[in-house]
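Residues 24 to 103 in my numbering are what the sequence shown spells out, letter by letter.
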Amino acid sequence: RHPGLGFTELIAEDFWDARILPQAVENHRARGMAIIPHGISLGPGGAEPVCPTRVRKLAALARRCRAPLVSEHLCFVRAG
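Spelled out as structure tokens, the structure:
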């Protein structure tokens, strides 16, 4: 409905383990809209090392979405 809108962001962690993406997401993609996974828990700005499992899951979701890019909170999200 918004002709200038070029992408839709997904909260990545909500879809890491989903076998298929919701139909609404597929509809957006079918109309040529880019789907951008946006991570909220990787924590590259935090005190702990980045978790390789989270990176793999984010990358797998990006491939499933055929995303041209991925975004992530660059902030402190967790500590030991």
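Glycine included, C-beta positions come from ideal geometry on N, C-alpha and C.
When you compare only the Cα positions, how much space is there between residue i and residue j?
| i | j | result |
| --- | --- | --- |
| residue 26 | residue 55 | 11 Å |
| residue 71 | residue 78 | 14 Å |
| residue 65 | residue 41 | 18 Å |
| residue 50 | residue 73 | 33 Å |
| residue 146 | residue 58 | Within the shown structure, residues of the chain are numbered from 24 to 103, placing residue 146 beyond reach of any answer. |
| residue 15 | residue 69 | Look at the range of the chain in this structure, 24 to 103, and you will see that residue 15 is not part of it. |
| residue 62 | residue 48 | 17 Å |
Since I believe residue j is in contact with residue i (beta carbons under 8 Å), could you give me their beta-carbon distance rounded to a whole number of angstroms?
| i | j | result |
| --- | --- | --- |
| residue 60 | residue 35 | 4 Å |
| residue 89 | residue 44 | Actually they do not touch by this definition, with Cβ atoms about 11 Å apart. |
Q.
Restricting to runs no shorter than 3 residues, where is the beta strand (DSSP E) found entirely within the stretch 47–84?
A. 57–62
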